[in-house]
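Heads up: the structure comes next, in structure tokens.
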Amino acid sequence: MPKYILNKNKQDSSSGSNYELHNEDSGACIRFPKPENRLQVGTYSNCRDAIAAARRQYPAMAPNIDGCYYCCPDCHNE
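Counting with the working numbering, you get residues 1418 to 1495 for the letters of the sequence shown.
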């Protein structure tokens, strides 16, 4: 199962500023955050479950969590 992380810095995007969820196991993502900017979310079978978990773990960020366009396209713009 893939491991997911959250960028703790808001990123600008066409959908507004958001905190990007990344699939750590997807390979080289061009938007993958530096180690010091990563928040661990955990291992989940899909990005939807990972976003739900990230929203529970980081409630202050919850309204602005979105999947990365490159490594979590199924959850981008949620």
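Positions of the beta carbon are idealized from the N, C-alpha and C atoms, including for glycine.
- Taking LEU1456 as the centre and dropping the five residues before and after it, the same chain places the C-beta of ILE1422, LEU1423, LYS1425, TYR1475 closer than 7 Å to its C-beta, in chain order.
- Rounded to the nearest whole angstrom, the C-alpha separation of PRO1490 and ILE1447 is 13 Å.
- In terms of Cβ geometry, ALA1469 and VAL1458 do not form a close pair [threshold 7 Å].
- Looking at the backbone, the Cα of TYR1487 and that of HIS1439 are separated by about 9 Å.
- Beta-bridge partners of ARG1473 (DSSP): none assigned.
- Per DSSP, HIS1493 has no beta bridge partner at all.
- Between the C-alpha atoms of ASP1466 and GLN1428 there is a straight-line separation of about 21 Å.
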